[in-house]
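For the sequence shown, the positions run 1 to 1058 when the UniProt record's numbering is used. We put the CB at the ideal spot given by N, CA and C, even for glycine. Just so we're clear, the structure is a prediction, and the values are computed from it rather than from any experiment. Here's the structure we're looking at; comments come further down.
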Amino acid sequence: MRSVLPEELLSALESERAQYRWVMLKGAVDVRLEDESMLGLTPLPAADPSWSGGQLIGFLPDERRFVGEIVHLDPTTGRVFLSTRSLGHIKPEVLSAERWAFQPYDFSEALLAASKAYDARGPRVREALERVRGLVPDDGTGPSQGPEHLWDKPWALLWGPPGTGKTETMARLLAQAVQNNPGERILAVAPTNRAADTLALRVARMLSKAGALHAPDTTCRVFRGGLGVGQELTRAFPAVLHDSSYQKHAARIAHMEERVREEYLQGASSSRLAVVKAELRKVRDGLTDETLFVAREGYATLMVLTVHRALRLVSELEGAERFDRLVVDEAGMVSRAAVGLLAPLARKVLLGGDPKQIGPVSRALEGVERPVQTWMRSSPLSHLEDARAAAELPHVLLLRTQHRMHPQIGAVVSHFSYAGMLEDGEGPRTREPKKVEAFPAARACWVVLDEATRDARRVCHERGDSGHGYRRPFSAELVMAIAAPALKAGLKVLAVTPYRAQAALLRAMAEEKGWHESRFQASTIHRQQGTEYDVVVVDTVAAGRPFAPSELTPMLNVAASRAREYLFVLSSRAESEAAIPSQLLELLTPVAPRLEPRFALQPLLVMPGVRARAARRPEALGQEIDSLKEMGPLFTQEQVSLFERRFDEGHHLVRGVAGSGKTYVLAHWVARYLAEHPEARVLVSFFNKALTTLLTRLVDAALRRRLGRRASFMLHRVTLMHMTGTGGYAPESFDAVFVDEAQDLSAQELAHLYGLARPLSREGGAPLKAFLLFADDSQNVYGHSPVEALRQQLPDGLDFTGRVRVLRETFRSTRQVSELAFNVVLDPLGLHRVGNPGMREFMRASELREQGLLEEPVAGVDGLYRLQSSEREGLVPVVRAFDSPQAEEAWLVREVKRLRAHEGVRPADVLVVAPVRPARLAEALEREGLKAVAFGGRGGEDVAGFSVGKVDYLRVTTAFSCKGHESPVVFFCGVDALDDMAWMEGRPGRQERELERTRRALFYVGATRAMVRQYVTGLSGARFTRVALAYARALSRESRLPTPQVVPTTSRRGSRGH
């Protein structure tokens, strides 16, 4: 039967579904039974709100597995609580689990299941799907006059910015409806258990105060269904957790079970026992889950559920319209798809939330298709971009009066996210402001980190100890310095950051100082939506990367709007150059932190430069690419530590994985050298001619950043030259020599370049020279030995022992792109079916593992390598196999046209790579009206002219020439040509083992150029095509955990539903 959902939404659900892959955890601590049916543990890394509704799988020593449903998670500590689906007793042996994996709740399957329940209600579903996209008919009544006026609308939106009382207004509307129309059936849903509890608690308090919580027959008029109900609601209003009619049925079952036991003990005949058991089975079969029972037969006016449970209810009710009204609280955190499939359950719909705060939790990652952006990453409020325009719509009510923030802070938040539409309520205008002596008069400040230190490394970020997230110890120290006088003055302080690693560091520092969490809280921003504190300190750490601007803007809005009295944002000048957080920083008063002789924040007389730009939610890949480009480079501590090193230390080797920023570091090292030695001559050499334009641009940009106007005068001091062009220079012609992609050079070539550098000193022993090499052995496509292994063939004194620095993080590609390349090259499953060419040593797998950047395959799980060298998450590369080169070319043309027409991708953002003959692909593109230029290979232009930046054509080049380059979208075509390498076998000294290493190195290069979306294509049956396709499938959802042999549990009677 044809689905009632449009093709675009089905496509979005399929894309989303592909992301629900289980993840092996680093570990779990404090694993213990909370009671006989509840297991608690703290996963490493800690859980976040996206884990709600998922499962944890524990691997026991005897190969059995325990599967626990996540019924609750602590948003502060990341601790999770598990039960079995049957709510059975959990056996203590589960505590011996050696490893744990997280399986996300498959929201896409829940949505698809809900849609099938509406097969007979297509028009109603289509209407709801139009409404969630903002296509609401104008009823001509003009702007909404108030909440009660909104309640009468068939489809209404309550937009509640921070501190405007949105949840209180929603609760009041619900309480009034329960009182005035107790016969009405209302379904209220919220995205989390915490939000659902808060709503139910507020409504119950209002009704209890009015004496209307219970009907005359004592039936409770509010029912909070599902699992995961919090302790506060349970203690305050236990009656809302149960339906009295259901409890009578459950009591009857308990009574009959007791009768069976009595009959058995009294020696009843077999026929008598059979009769009693048959009666018991009949009663049991008629008793459904309590939540479903209340939806079908209960007397409660208001039912409160999570979105997860409500979607299950759609299927259980077979899509019937059982409710008079659907109310969605925190609707800005719920996807359009979810609300569109819940709406047909009711005649009227009211959505309350804020599109300018944190949006829907989606598994969809970077590089997704337009339908995913539309349906899964957007909420039914996302179309409300402009608060001023939205306030004029008849079905929208914008709550404009904020009652929380000091007027200065309120003004910042208002202009940052709400077009200046917010007004201060009586409380902020009339209350006596709390003061802290060490703080400036301004209440909303940018703490400019650069003013507190001259050490450039201290204001930069580093990766956390767990290998996930970023931290910055220096700014953490400043957070402590800001918090101390505030706590002394009796104020409550919140320190927030986008990163778990920084939040963990802040909590550890607070514990050392003995600060109680009731006075000082440190957490990620996601965990603070709905809270408020006297003082809020926001530490941006790494300008919010890798979060996209459309995600970071609402996060910073949430962070800033938690503050009642003071708001401080800690950020460096380099961070202010990014699109976000510059929008927020330009609204703040800049202050300089002074740590000695005593802490103070002093106003800056000169405003630091910021370049704020508006960030909109991307609707397609092209806009996402634009946002990514606007971020610009932001150096890490390890990168700055390299190009700030002393030059009199002599030669160094910098190694790093693909995309780790080696060339950026080289350019800035050159700039610093010239800044300190303005009369020096510098050589930058390389083997790949295609790097000429890129290196020129990067060095020029680095000089301008460090030297300003003097840069144009210093550029002539730099000679950028291909290795083969350096033969005309006399020895010691340069003060410093920098070599990019040094793994491409032989010992003789390195020795020649070393000879071109002048000694830094000649006093005793071998001379020291400023000879700096940058290399990645994983991209060694010419078969040379690693630089460190050439010690005997290099000149005396050129020994790199103790002079190697490793860049540990990749910034170019997402984790999924890198993982496909690593697994195809290292082949943990043996899919190549050829002798091992020593790729583990070639790729330095042991070194990466020791540094926590590579996880070895786990036997019995999936057997794949997992990388921890990237903070960015994206789509698994698309791998396609074709019957002929012509079919491959035709598909390439169609896909490029689709990317341009439907995803808004520009030609300059696409790179096509082939092992050989790139001209063939360029000609195929040109024949179909797509302007393309081939560089390198037979029939291609000189690679020295390989373009970077804005061009109006598609660039096509070889796997050799693309080294060092990157592009948002990359097509690596014709990988079948790697199978035989006949085009390279004529080179002298090539053994099969070396050829196989070269094949895999070329694959690694071509498969790691993409910043966002990577394609790999080749002929069917070819080895590299087959292996890439198999690993892409294994890395995607098609490789989920097999059906486990589950640890048995003892069942318990009854269930309240999930």
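Just to confirm, are residue i and residue j a CB contact at a threshold of 9 Å?
i, j, result
"residue 501", "residue 470", "yes"
"residue 189", "residue 327", "yes"
"residue 499", "residue 447", "no"
"residue 844", "residue 778", "yes"
"residue 133", "residue 383", "yes"
"residue 885", "residue 863", "no"
"residue 960", "residue 999", "no"
"residue 906", "residue 900", "yes"
"residue 174", "residue 201", "no"
"residue 306", "residue 239", "no"
"residue 442", "residue 592", "no"
"residue 66", "residue 72", "no"
"residue 379", "residue 331", "yes"
Just confirm the distance between the C-beta atoms of residue i and residue j, as a whole number of angstroms; I'd bet it's less than 8 Å.
i, j, result
"residue 740", "residue 663", "6 Å"
"residue 654", "residue 805", "5 Å"
"residue 936", "residue 918", "6 Å"
"residue 800", "residue 744", "Not quite, the Cβ-Cβ distance comes to about 17 Å (not below 8 Å), so this is no contact."
"residue 479", "residue 539", "6 Å"
"residue 954", "residue 877", "That belief does not hold up - the Cβ atoms of residue 954 and residue 877 are roughly 19 Å apart, past 8 Å."
"residue 225", "residue 303", "6 Å"
"residue 874", "residue 367", "5 Å"
Closest to residue i by C-alpha separation, out of the options, would be which residue?
i, options, result
"residue 587", "651, 899, 415, 511", "415"
"residue 504", "122, 602, 46", "46"
"residue 48", "991, 70, 398", "70"
"residue 458", "817, 120, 700, 635", "635"
"residue 599", "482, 550, 917", "482"
"residue 810", "1011, 777, 1002", "1011"
"residue 560", "455, 495, 798", "495"
"residue 345", "325, 331, 337, 354", "325"
"residue 59", "440, 32, 99, 78", "99"
"residue 1066", "442, 928, 1007", "Outside the shown range of the chain, which is 1 to 1058, sits residue 1066, and nothing can be said about it."
"residue 813", "546, 846, 639, 566", "546"
"residue 476", "510, 465, 456, 491", "510"
"residue 690", "948, 967, 1020, 335", "948"
"residue 734", "746, 720, 747", "720"
"residue 343", "352, 153, 127, 474", "127"
"residue 854", "629, 832, 818, 888", "818"
"residue 1003", "182, 981, 773", "981"
"residue 91", "56, 37, 57", "37"
Got a sec? Which residues, its chain only, sit under 6 Å from residue i by beta carbon, not counting five neighbours each side?
i, result
"residue 759", "767, 769"
"residue 323", "185, 187, 345, 346"
"residue 972", "913, 1006, 1007, 1016"
"residue 1117", "Since the displayed the chain opens at 1 and closes at 1058, residue 1117 lies outside it and no answer follows."
"residue 143", "392"
"residue 105", "53, 54"
Excluding the 5 residues flanking residue i on each side, which residues of the same chain have their C-beta closer than 7 Å to its C-beta?
i, result
"residue 358", "333, 526, 529, 554, 555, 558"
"residue 111", "13, 311, 337, 338, 341"
"residue 1031", "820, 823, 824"
"residue 3", "10, 115"
Can you tell me whether residue i is buried or exposed, with buried defined as 16 or more other CB within 10 angstroms of its CB?
i, result
"residue 605", "exposed"
"residue 265", "exposed"
"residue 289", "buried"
"residue 785", "exposed"
"residue 29", "exposed"
"residue 435", "exposed"
"residue 43", "buried"
"residue 649", "exposed"
"residue 396", "buried"
"residue 672", "buried"
Please go through the same chain and pick out, in chain order, the residues whose beta-carbon is closer than 8 Å to the beta-carbon of residue i, but skip the five residues on each side of it.
i, result
"residue 300", "219, 220, 221, 222, 223, 243, 294"
"residue 627", "548, 549, 550, 579, 615, 618"
"residue 7", "none"
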